[in-house]
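A.B. asks: In the numbering used here, the protein residues as written are 31 to 160.
C-beta atoms are modelled at their ideal positions from N, C-alpha and C, and glycine is treated no differently.
Have a look at the structure that comes next, please.
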Ligand SMILES: [Zn+2]
């Protein structure tokens with residue numbers, strides 16, 4: 031990266047979510063720890079030498095929660111599932127789509143995407159069965 035380019039750690043969370051539509055990325059320190067924007071230092075070792083790495087194409091569902099009560103923007107989607115998904119060294123939290131809430135399983139392989147759910151321009155992390 032040239033000296034004029036803004037460091038990747040300047041990228042905000044919303045921009046990072048939007049990048050998920052193109053496959054997404056995470057931040058890696060020289061020791062291989064992963065973290066996500068808008069962090070500026072590695073949460074494990076404190077290194078500020080973070081570089082962007084492509085996210086793995088699929089992740090594994092680590093935990094999930096079925097939501098029966100939703101904010102107004104999500105009222106039409108109830109019940110829906112929010113999940114924490116492990117993508118290599120990082121964990122992403124988002125909403126699972128494309129599968130019935132009752133069929134989501136621990137360890138299920140999913141891909142990640144971003145969607146502009148309610149037209150507000152605020153992107154949402156979305157997982158779909160791989
Ligand atoms: Zn580190």
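Residue 115 and residue 132: beta carbons closer than 8 Å?
C.D. replies: The residue labelled residue 115 in the question sits at position 85 within the chain shown. The residue labelled residue 132 in the question sits at position 102 within the chain shown. Between residue 115 and residue 132, the C-beta spacing is not below 8 Å.
A.B. asks: On the DSSP letters alone, give me the boundaries of the alpha helix (DSSP H) that residue 48 sits inside.
C.D. replies: What you label residue 48 is simply residue 18 of the chain shown in a count that begins at 1. 43-49 is the extent of the alpha helix (DSSP H) around residue 48.
A.B. asks: What would DSSP say about residue 159, mapped onto helix, strand or coil?
C.D. replies: Within the chain shown, residue 159 is the residue found at index 129, counting from 1. The answer is strand: DSSP assigns residue 159 an E or B state.
A.B. asks: For ligand 1, which residues count as neighbours when the test is a C-beta closer than 6 Å to any heavy atom?
C.D. replies: 59, 61, 63, 72, 74, 75, 77
A.B. asks: Grouping DSSP H, G and I as helix and E and B as strand, with all else coil, what is residue 132?
C.D. replies: Sequence index remark: in the chain shown, residue 132 carries index 102 (1-based). Note: residue 132 maps to helix in three-state DSSP.
A.B. asks: So, with DSSP's three-state summary, where would you put residue 52?
C.D. replies: Residue mapping note: residue 52 aligns to position 22 of the chain shown, counting from 1. Correct three-state label for residue 52: helix.
A.B. asks: Is it right to say residue 36 is buried, meaning 16 or more other beta carbons lie within 10 angstroms of its own, or is it exposed?
C.D. replies: Residue numbering aside, residue 36 sits at position 6 when the chain shown is read from its first letter. Bear in mind that a pLDDT of 47 at residue 36, under 50, signals an unreliable position, so the model cannot answer this.
A.B. asks: What does DSSP give as the partner residue(s) for residue 138 in the beta ladder?
C.D. replies: As a first step, residue 138 is located in the chain shown; it is residue number 108 there, counting from the start. Partner(s): none; residue 138 has no beta bridge.
A.B. asks: Give the secondary structure of residue 100 by DSSP, where H, G and I count as helix, E and B as strand, and everything else as coil.
C.D. replies: Mapped onto the chain shown, residue 100 falls at position 70. Of the three classes helix, strand and coil, the one that applies to residue 100 here is coil, per DSSP.
A.B. asks: DSSP three-state call for residue 105: helix, strand or coil?
C.D. replies: Numbered from 1 along the chain shown, position 75 holds the residue referred to as residue 105. Looking at residue 105 - three-state DSSP - the assignment turns out to be helix.
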